[in-house]
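Below you'll find the structure, written out as structure tokens, and then a few comments.
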Amino acid sequence: MGEFLAYRILEGKLTFERCPKRLKPRVKEILTELGYEHLAVVGE
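Per the numbering used here, residue 28 is the first one in the sequence shown, and the count goes up by one each step.
What follows is the structure, encoded as structure tokens:
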């Protein structure tokens with residue numbers, strides 16, 4: 028599920044802020060691995 032949400036963020040269809048709290052650590056890890064850690068922020 029984390030991978031799905033990470034790719035939704037990359038496509039611009041979801042923001043990290045709107046991800047479920049339980050999945051945020053995994054989504055952040057995936058985005059960081061892909062070189063998009065700047066998308067794993069809240070409130071910016």
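Beta carbons are placed, not taken as given, at the ideal position from N, Cα and C, and that holds for glycine.
Limits of the unbroken alpha helix (DSSP H) element including residue i
| i | result |
| --- | --- |
| THR59 | 51-60 |
Collapsed DSSP secondary structure at residue i in the structure displayed
| i | result |
| --- | --- |
| TYR34 | helix |
| LYS48 | helix |
| LEU80 | With the chain covering only 28 through 71, there is no way to say anything about residue 80. |
| GLY39 | coil |
Of the listed residues the options, nearest to residue i (C-alpha basis)
| i | options | result |
| --- | --- | --- |
| MET28 | THR42, VAL54 and GLU64 | VAL54 |
Contact set for residue i: own chain, Cβ-Cβ below 8 Å, skip 5 residues either direction
| i | result |
| --- | --- |
| ILE57 | GLY29, GLU30 and ALA33 |
| LEU61 | ALA33 and LEU37 |
Contact set for residue i: own chain, Cβ-Cβ below 6 Å, skip 5 residues either direction
| i | result |
| --- | --- |
| CYS46 | LEU32 and VAL54 |
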